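Engineer:
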Amino acid sequence: MLKLIVSFDKSYLEYHVSIFMGEDGFNIWADEYRVEERMEQLLLMHNSQVVCILKLGKKSEIGHAVLARLEEIRKQDDAPQVGADSSPA
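Numbering (UniProt numbering), first residue to last: 1 to 89.
1. Could you tell me if ILE19 is buried or exposed, where buried requires 16 or more neighbouring beta carbons within 10 angstroms of its beta carbon?
2. Taking the alpha helix (DSSP H) that LYS55 belongs to, which residues open and close that run?
3. Check whether chain B comes within 8 Å of GLU14, counting only Cβ atoms and requiring the distance to be less than that.
4. Hey, LEU56 and HIS64: beta-carbon distance below 8 Å or not?
5. Return helix, strand or coil for LYS3, following the three-state DSSP convention.
6. Report, in whole angstroms, the separation of the C-beta atoms of LEU4 and VAL66, which I expect to be a contact under 8 Å.
7. Taking GLY63 as part of the alpha helix (DSSP H), name the residues at either end of that continuous run.
8. According to DSSP, simplified to helix, strand and coil, what is PHE20?
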């Protein structure tokens, strides 16, 4: 069974990815990510160094699930906050 948790820590400006497969799992901290379409890879990076590579091929549900959640977080972060004053100060 696959369990996936992806969050964004605003105080450290980094993503936290936890992937559990059964009783085994691992954690990844990254401050940016990049998709290498030609190689079908999702690169998770910290301080401009690649810390994890996830496959994005047809059978790689983990890579696609992580990418979908990262994109969702990014879109929420880019969206203006509800009730925020967008007029210039």
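Note that CB positions come from ideal geometry on N, CA and C, so glycine has one too. As the structure is a prediction and not an experimental result, all values here were calculated from the model.
Structural biologist: Per the coordinate set shown:
1. Residue 19 sits at position 19 when you count from the first residue of the sequence shown. So ILE19 counts as buried.
2. Counting from one through the sequence shown, the residue named residue 55 turns up at place 55. Segment 49-55 is the beta strand (DSSP E) holding LYS55; no alpha helix (DSSP H) there.
3. Absent from the structure: chain B. Only one protein chain is present.
4. In the sequence shown, the residue the question calls residue 56 occupies position 56. In the sequence shown, the residue the question calls residue 64 occupies position 64. Yes, the Cβ-Cβ distance between LEU56 and HIS64 is below 8 Å.
5. Locating residue 3 in the sequence shown gives position 3, counting from the first residue. Judged by DSSP in its simplified three-state form, LYS3 adopts strand.
6. The residue labelled residue 4 in the question sits at position 4 within the sequence shown. The residue labelled residue 66 in the question sits at position 66 within the sequence shown. Rounded, the Cβ-Cβ distance is 7 Å, consistent with contact.
7. Numbered from 1 along the sequence shown, position 63 holds the residue referred to as residue 63. Note, GLY63: alpha helix (DSSP H), 61-78.
8. Taking the sequence shown and counting its residues from 1, one reaches residue 20 at position 20. It is a strand residue.
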